[in-house]
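Trainee:
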Amino acid sequence: FNRHISDLDFYVNYVDGYSTSFQGPNYNLSHITTKNVSMAVKRYPLAEPRGIKAHFIMDHNGILVLSGVSCLFHPIEKNEVSDNSTKEKSAFEKIGSTLSGLFGGGSSSSGNDKISPEQDTPINTTNNSDVNPTGANSVNFTNNSAFSENQTRSHVDDNVSGEDQATVVVKSTVPFSEPIDSEVVYVDFPDLTSKQFTLSQSKLHELREADRAKAALEQSINQLETLLIDTHDKILTDYKMYGTESELSQLDNTLQSASSWFYEQGHDGLKSDYDLRIREIQSLLNPIERRFNEVKYREKAILSFDKTIGLAQKTLNEMIELSQLFSRTLETISPELQQQKPSTSTSEQATKESPWKNIFNEAEIDILRNKINESKIWLAESSEALNKSLTYQDPPVLVSAIQSKEAELSRETVYHTTKINLWRSEIARMFAEQSKINATSVPLKEEAQTPPSSSDEETIPKPSTINEDQEPTLKPTQTPRPEL
């Protein structure tokens, strides 16, 4: 804003810079008001104000944001001011000297002699506390009263000539700027009141509900369309054997009516109408689909149950074998070994239970045997009944019943298998400890049974009678050098 030396206000907006006339709504973003411009101008009387500059930056959202306002100044050349005043003063002096020469008869040199001492004696600016010259790179007049006093002295004091003013110069001629206070009011989006905020929240809630309703409607439309196409294809191929004639005809009629309604209605219907057609088709399709799935997964369930029965039979055989092994061990173990076993065992082993006990009693074996027999009989009867049933009739035995029987037998089998594995690990640990004890006891017995050799007898020193009056003499023993 050139040549502005007072406060001003302006608006910031977006317009087309190439258009000559702007016509349209109000696109104002902010209203900016400057403050204390005139005070800044008065603060620098020896500088010429060139206008006001507003600095903007653009944020990440593309919005212009005011970063600062400054007033631009250009320093005035002091030599020009002093020269102009000197020329004016010298002209008056010439006129005065001419008049005094004509009327007073005096020479003009006397006037010059009075002025010459003042011209030859410059003002000592270092002793003047009112003048603070700045550096060479910038002009920063901080003491405003000093400059006003200097100007007053130059006009009042008659003893100071025009040449004295030329000594108070600004050493730098670089333009400078002074920050200006400003006030920014954003007018594009004013703050909402409590009522407006509540209204906005309600609108947002309505929009979210509308989006949810639209998504639910689209889901129902897609579900109905997919159901119509898939069901029509399945009743002609896969589901044809698993429904009666009345069920298939009724389902076919429902599909035709729903298809005609769907293509007439399109995507403009209500969600409840689409859901109603879906429920009608599902109610007729579920019995047929259930029979199809029973036949589809029945064979796999029967094979899995038969495999579980085989594993249970294998576990039962191991239980019987371990019980027989325990019985034979009790018969073959000798009473002497039973008496020696507690004495040779350590205190830690004595506190533990012996792993040679019978881990399965007759009741557990009978329970597992009965479950296996019941499962075999039930599976055989169920398979026979399923083979006699027709595909379009409800099956006498469901796949879920077969899986339930299998889970019951598998749970009992896993319990006994876990006991067998624990017993085997305990037996392995016991044999490992016994082998360590045997390995350490055998060398001790061999050393105790071997007699000492003749060389050992020679090395053993024999006791000799020592005289009490005679002192014992110690002789160094010579040990043979080992052969390398």
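Okay, so the sequence shown: first residue is 3 according to our numbering, each after it adds one.
Positions of the beta carbon are idealized from the N, C-alpha and C atoms, including for glycine.
1. Who are the near neighbours of E296 in its chain, counting only those whose CB is closer than 7 Å to its CB and skipping five residues on each side?
2. Three-state secondary structure (DSSP) at T317?
3. DSSP three-state call for S437: helix, strand or coil?
4. Please list the terminal residues of the continuous beta strand (DSSP E) segment that includes N363.
5. With distances taken Cα to Cα, identify the nearest neighbour of H57 among A403, E435, I182.
6. Among I34, H418, L411, A212, which residue has its Cα nearest to the Cα of G70?
7. With distances taken from CA atoms, which of N440, A387, E320, E364 is nearest T415?
8. Assuming K37 is part of the beta strand (DSSP E), what are its boundary residues?
9. What is the DSSP secondary structure of F307, counted as helix, strand or coil?
10. Grouping DSSP H, G and I as helix and E and B as strand, with all else coil, what is E414?
11. Using a Cβ-Cβ cut-off of 8 Å (strictly less than) and excluding sequence neighbours within five positions of G245, which residues of its own chain qualify?
12. So, for E366: in the same chain, excluding its five sequence neighbours on each side, which residues have a beta-carbon less than 8 Å away from its beta-carbon?
13. Helix, strand or coil for R52? Go by DSSP, reduced to three states.
14. Rounded to the nearest angstrom, what separates R281 and F307 at their Cα positions?
15. Smallest Cα separation from E408: which of T256, S251, K373?
16. Cα separation between S2 and A314?
17. Using the three-state DSSP reduction, which class does L272 fall into: helix, strand or coil?
18. Suppose contacts are defined by Cβ-Cβ distances below 7 Å. Is L411 in contact with T310 by that definition?
19. Residues bridged to N4 by DSSP?
20. Within 10 angstroms of its Cβ, does E435 collect 16 or more other Cβ (buried), or is it exposed?
21. When you compare only the Cα positions, how much space is there between K197 and E208?
22. What are the start and end residues of the beta strand (DSSP E) that includes H76?
23. In the structure shown, what three-state DSSP assignment does P289 receive?
24. Which residue comes first and which comes last in the alpha helix (DSSP H) that contains N255?
25. Do L226 and R279 have their CB atoms nearer than 7 Å?
26. Taking a contact to mean a Cβ-Cβ separation below 7 Å, would you say A303 touches I379 in this structure?
27. Do S261 and L230 come within 7 Å of each other at the CB atom, strictly closer than that value?
Mentor: With the given structure in hand:
1. P397, L400, V401
2. helix
3. helix
4. No beta strand (DSSP E) contains N363, which DSSP labels as neither H nor E.
5. I182
6. I34
7. E320
8. 30-37
9. helix
10. helix
11. I237, L253, P289, I290, R293, Y394
12. M321, H418
13. strand
14. 36 Å
15. K373
16. In the structure as shown, the chain begins at 3 and stops at 486. Residue 2 is therefore absent and cannot be evaluated.
17. coil
18. yes
19. G53
20. exposed
21. 17 Å
22. 66-77
23. helix
24. 247-267
25. yes
26. no
27. yes
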